[in-house]
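Numbering (the working numbering), first residue to last: 2 to 350.
For every residue, glycine included, the Cβ atom is placed at its ideal position computed from N, Cα and C.
Take a look at the structure below.
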Ligand code: ADP
Ligand code: MG
């Protein structure tokens, strides 16, 4: 799991030595970052903007499995998961803090890899690492990231703004991260049964990457701004389309009609789901971790978004009393139920 670079015990460095080692090359690039790592608190300046803050906790064995997750990818993903929440508010992400709990099974080299992934994500998304905390844990790895960003008050998108008649839209494609996880779990189990057999993930890059190395959709936030479209409501898809739609409906006090045939599913996701005997639509509805954006726009914006290849219109909002419905490919109407998997392992559902 850890790239083979020797093993330096963290005890040799001590807490301050470790923090210094991990953070010595970190530079601030955003003008909103006044003071970063090194004092008791970071200092930020958002002038006349509203500040956005979101946090996530990731526990080894619950949220990630180091049997098939390279630490570099884990660091990268942990940042993406957090930035996604800032983008879902239609904001700009500008800083993160990273707190880690490490058990003695992790050498310095492992934590270096984790930080490599974190730093690559920060550089790519123009985010400054401005602080954190470091502690030992009895068992396993704990990562908590807080993301900080900003937005003009009038451009913030809440979950509660959807109106009757609004178009329901989603970025990218869905279900890939879930089916990628099924594949990784299967290969892990084969390997555990017979360590002679090497994992066979050939040709499955896309879905494996969807699981291990998701990208938060800053590009969609930018595209919407360029098109001068402000979503009436928005949420990121961490627990599956069904659960997120229900959040928008509940908080906006609206119903919705979602059309199965409109749900964007990548061909590899589709075929692999079929191979597993899972309905691809179920992957999209209930599989998690796609980190796409789900949002509603006023019908007057239809012309502006209709030709964007990264945005699919999958339904529309209705009056609250009609409820949230999925219209299947054969025209059958099903109530949408949330089976968001949250931290549940899919195999245990
Ligand atoms: P304190 O005693 O105030 O918690 P620490 O000694 O833990 O301070 O941290 C010193 C500095 O290093 C602070 O600026 C803190 O934000 C930063 N820091 C600590 N741990 C990490 C980490 N894992 N990643 C990034 N920055 C960290
Ligand atoms: Mg501390």
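Residue range 72-88 is occupied by the alpha helix (DSSP H) that includes residue 77, with no beta strand (DSSP E) assigned at that position. Taking C-beta atoms as the reference points, residue 257 and residue 335 fail to come closer than 9 Å.
In this chain, residue 131 is not harboured by any alpha helix (DSSP H); it is covered by the beta strand (DSSP E) spanning 129-137. Secondary structure note for residue 246: its alpha helix (DSSP H) is the uninterrupted segment 242-253. According to the DSSP secondary-structure assignment, residue 96 is paired through a beta bridge with 129 and 149. By the CB criterion at 9 Å, residue 263 and residue 313 fall inside the cutoff.
Within the segment 246-312, the complete alpha helix (DSSP H) runs of at least 4 residues fall at 268-276, 281-287 and 303-306. Using a 10 angstroms sphere on the CB of residue 190, the tally of other CB atoms stays under 16, which defines it as exposed.
When the five nearest sequence neighbours on each side are left out, the beta carbons in the same chain lying within less than 6 Å of the beta carbon of residue 68 are those of 189, in order along the chain.
Between the ligand ADP and residue 23, a heavy atom-to-CB distance of less than 8 Å is present.
In the three-state reduction of the DSSP assignment, residue 191 falls in the helix class, which pools H, G and I. Excluding sequence positions up to five before and after residue 279, its CB lies within less than 8 Å of the CB of 180 and 183, all in the same chain and listed in chain order.
Per DSSP, reduced to three states, the secondary structure at residue 325 is strand. Secondary structure note for residue 60: its beta strand (DSSP E) is the uninterrupted segment 51-60. Around the C-beta of residue 211, 16 or more other C-beta atoms lie within 10 Å, and the residue is accordingly described as buried. Collapsing the DSSP output to three states places residue 22 in a helix.
Under the Cβ criterion (8 Å, minimum of three pairs), the segment 96-105 counts as touching the segment 127-140.
Counting along the chain, residue 236 sits inside the beta strand (DSSP E) bounded by residues 234-237. Residue 44 is bridged by DSSP to 36. When DSSP states are grouped into helix, strand and coil, residue 222 belongs to the helix group. Taking C-beta atoms as the reference points, residue 245 and residue 239 count as a pair closer than 9 Å. Inclusion of residue 16 in the 8 Å shell around the ligand ADP follows from its C-beta lying nearer than that to a non-hydrogen atom of the ligand. The nearest non-hydrogen atom of the ligand ADP is 8 Å or more from the C-beta of residue 177.
Taken from the Cβ of residue 30, every heavy atom of the ligand ADP lies 8 Å or farther away. When C-alpha distances from residue 259 are compared across 288, 319 and 109, the shortest belongs to 319.
Counting only residues of its own chain and dropping the five nearest sequence neighbours on each side, residue 324 has a CB closer than 7 Å to the CB of 256 and 336. Under the DSSP assignment, residue 334 falls in the beta strand (DSSP E) whose first and last residues are 334-336. For residue 228 against residue 305, the beta-carbon gap comes to about 5 Å, under 8 Å, which counts as contact.
In chain order, 8 and 9 place their CB closer than 6 Å to the CB of residue 108, counting only its own chain and leaving out the 5 sequence neighbours on each side. Bounds of any beta strand (DSSP E) do not take in residue 67, whose DSSP letter is neither H nor E. Going by beta carbons, residue 90 and residue 158 fall inside the 9 Å limit. Taking all protein chains shown into account, residue 81 has 16 or more neighbouring C-beta atoms within 10 Å of its C-beta and is therefore buried. A residue is called buried once 16 or more other Cβ atoms fall within 10 Å of its Cβ, and residue 112 is buried on that count.
Here the alpha carbon of residue 117 sits roughly 37 Å from the alpha carbon of residue 233. Cβ atoms of residue 231 and residue 156 come within 8 Å of each other, at about 6 Å.
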